[in-house]
Every structure is written in C-alpha cells, then in structure tokens.
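The structure appears right after this line, and notes come after that.
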Amino acid sequence: MFYREIQPSPAAARVVRCYWILEDDGASRGPQRIVPDGRSELILNLGQPYESQTPSGWKSQPQYFFMGQITGPLLLRAAGRARTIGIRFHPHTAGHVLGIPANELTNTATELDHLSRPLWRELEPLAELHGPLDAIQVLDQVIARRDFKSDEQLADAVRELEGSRGSMRIAEIAYRAGLSARQFERRFLSAVGIPPKLFCRMQRFQRVFPALENQHDGWADTAARCGYYDQAHLIRDFHEFAGKPPALLLAEETDLARHFVQSRQLSHFSNTRQAGAP
C-alpha cells in the first residue's frame, strides 16, 4: 500500500487542505478502519473502488463521490487493484464548493454527479489520464478557478479550534467572532457539517495517534497529555470514533487510519513533477 499527500497550489489552498494518492494492490487483508478527523473529502477512483460496510452488507463505492463528515468509524476493504485520489477540504469549505449545507451530507457518500453536474463534467475525463499526478494537476486547476466566497469569521474560528486541537471553549470562540453561541453553532453546523463541540472532540482524539507512536507512559498519562480527564474518558472516545478500545485498535496492524498517520509524506504541488510519479 502506498500513500502520499500533495499540497495544493496557492490559488486552491483557500479551499483544499491537501490532495492525496492511495495505491493498493488489493492483496488479501482484513477490513481497513477510517476514523473521523473533522474534514470531508471528494474521492476519485481511477482503479477498482473500495467496498464500504453498510447495514445491509458490503457495497462498492462510486467512481467519483463526496464523503461528508463521518461521526464514527468507516470500514473499507479492497475489491481489487485500487488507485484512488482524494481532495481533503478544510473543515469549513466543502459545502461552499458544492453549494450545499455541509450538514446535509454528514455520514453520507454521495455520487458527484448527483451533487454538482458541472463539477462532475469537469472531472469526468480524469479517468483517461496516465497517472495520478496528472489527475491532481487537473484537479488543482478546476478547484482554483471555482468561485468561493469564504465566511472569514467562521474560517478564523475553525483555524483557532484546529490550532488548539480542540482545547478552546466554544463560548470564547463565538465571542471572538462577534456571534452568540447559538448563531455560531448554526453557522458552524452549516459550513462544517457537525456541531462545534463534536469537532473539538475529534481534534482532541487526533492528538492520541501521534502520542501512541511514541508511548512510554501509561494510558492514564497519555490521556492527560492529550487533554482527557482520565483514561476512561479517552476509552469512551475510542469506542465512539474508532469502534474499538485502544488495545484492540492497535492490534490491527493493517489499519488504514494508522497507515495514513504513520506514512504521511507531504509534497508541495509545485514540486510533484520533480518528485516523480508514485
């Protein structure tokens, strides 16, 4: 399995956090687990799409689709040789790009042509390109020229919450934005897709993964360093966001979420040609 991240051009960076490439030979392995991180993505399958677990069983993902915010674990399995490209949006930008309130897309995977046929028509030819870096160059151009009117108050608030890794009080952020708590929550929900308190919990939970890679302390110390009241508080979030307690999650050596954290290689968009195709 190969995973790589590429930074967008400056013109697209106002909307896109990064692009990513995932190549998987489809070798037999158990289901892969994705955990929430507070960001939504546009997924383009240039190879065999993954299958996702649904209440009615395993279902093939669409070729091009938008994955809204997830609030619990997402289980995927390879169905063949995969070549996947993703656009990871900033938490507050995806809904504006698609022209739809983000909360209407939470916990859904929606085919792109059902959401935005103009955008779908621009991206449809990507399947004919030779490699993922060529596709990302086209993606970047498409995103860069789309009209995007940012809510700067909300954008600043989201950046503060991200920067604090979820440790700032919502009331304080709303006050800095000049909004009442109710106004802030309503605008945040529409733009980001989830309530601000849940977003903060996800940012705090993401702190745990780097801590686990260099764990020399016990679970209680790890919980405290990541902003949890105690070990039980941390374990509750593991159950909600990962679907398993920490010990069982770490035993999944092929877990895709951990692979993303451990193997993340960030390249700048302008340097992708020099870096070479994966």
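In numbering that gives the first Met the number 0, the protein residues as written are 0 to 277.
Beta carbons are placed, not taken as given, at the ideal position from N, Cα and C, and that holds for glycine.
Nothing here was measured: the structure is a model prediction, and the numbers come from that model.
Is it buried or exposed, residue i, if we count other Cβ atoms within 10 angstroms and call 16 or more buried?
i: threonine 53; result: exposed
i: serine 166; result: exposed
i: proline 72; result: buried
i: leucine 248; result: buried
i: aspartate 220; result: exposed
i: arginine 144; result: exposed
i: arginine 301; result: Given a span of 0 to 277 for the chain in the structure shown, any question on residue 301 remains unanswerable.
i: proline 124; result: exposed
i: arginine 235; result: exposed
Which of the three DSSP states is assigned to residue i in this structure?
i: glutamine 31; result: strand
i: valine 141; result: helix
i: tyrosine 63; result: strand
i: serine 115; result: coil
i: cysteine 225; result: coil
i: serine 51; result: strand
i: glycine 56; result: strand
i: arginine 76; result: strand
i: leucine 43; result: strand
i: serine 68; result: What sits at residue 68 in the sequence shown is glutamine, not serine. If DSSP states are grouped into helix, strand and coil, glutamine 68 belongs with coil.
i: aspartate 155; result: helix
i: methionine 167; result: coil
i: alanine 219; result: helix
i: aspartate 133; result: helix
i: arginine 206; result: coil
i: alanine 26; result: coil
i: glycine 162; result: helix
Could you tell me the boundaries of the beta strand (DSSP E) in which residue i lies?
i: threonine 109; result: 108-110
i: serine 39; result: Premise fails: serine 39 is in no beta strand (DSSP E) and is neither H nor E.
i: glutamate 4; result: 1-5
i: valine 15; result: 15-23
Measure the alpha-carbon distance for residue i versus residue j and round it to whole angstroms.
i: glutamine 205; j: leucine 41; result: 21 Å
i: proline 9; j: leucine 122; result: 20 Å
i: leucine 75; j: leucine 21; result: 13 Å
i: isoleucine 281; j: arginine 175; result: Given a span of 0 to 277 for the chain in the structure shown, any question on residue 281 remains unanswerable.
i: arginine 120; j: glutamate 171; result: 43 Å
i: leucine 188; j: glycine 46; result: 34 Å
i: glutamine 6; j: glycine 98; result: 24 Å
i: histidine 232; j: leucine 197; result: 14 Å
i: alanine 11; j: glycine 217; result: 42 Å
i: leucine 111; j: glutamate 103; result: 14 Å
i: phenylalanine 237; j: proline 30; result: 18 Å
i: arginine 13; j: glutamate 159; result: 16 Å
i: glutamine 68; j: alanine 108; result: 9 Å
i: leucine 255; j: arginine 32; result: Because leucine 255 carries a pLDDT of 46, less than 50, the predicted location of this residue cannot be relied on, and no value is offered for it.
i: arginine 203; j: proline 35; result: 11 Å
i: glutamine 140; j: proline 131; result: 14 Å
i: cysteine 199; j: arginine 38; result: 12 Å
i: phenylalanine 65; j: threonine 83; result: 13 Å
i: phenylalanine 88; j: phenylalanine 183; result: 20 Å
i: proline 195; j: leucine 138; result: 29 Å
i: valine 162; j: glutamine 230; result: Contrary to the premise, residue 162 reads as glycine rather than valine in this sequence. Straight-line Cα distance between these residues: approximately 24 Å.
Could you tell me the boundaries of the alpha helix (DSSP H) in which residue i lies?
i: glycine 85; result: Segment 81-88 is the beta strand (DSSP E) holding glycine 85; no alpha helix (DSSP H) there.
i: aspartate 236; result: 230-236
i: arginine 185; result: 180-191
i: histidine 342; result: No answer is possible for residue 342: the residues shown for the chain start at 0 and end at 277.
Hey, does residue i have any beta-carbon neighbour from chain D nearer than 8 Å?
i: arginine 82; result: In summary, chain D is missing from the structure at hand, where a single protein chain is found.
Does at least one heavy atom of the ligand PLP sit under 7 Å from the Cβ of residue i?
i: leucine 45; result: Absent from the structure shown: the ligand PLP. Ligands present: none.
- Query: For the stretch 49-63 against the stretch 142-159, are there 3 or more C-beta pairs whose distance is under 8 Å?
  - Reply: Because the criterion of three Cβ pairs below 8 Å is not met, the stretch 49-63 and the stretch 142-159 do not touch.
- Task: Count the CB pairs spanning the stretch 23-36 and the stretch 92-107 that are closer than 8 Å, and state whether there are at least three.
- Result: As far as the Cβ criterion goes, the stretch 23-36 does not touch the stretch 92-107, which means the pair count is below three.
- Query: So does the stretch 179-198 actually touch the stretch 224-234, counting three or more Cβ pairs closer than 8 Å?
  - Reply: Output reads no: the stretch 224-234 does not touch the stretch 179-198.
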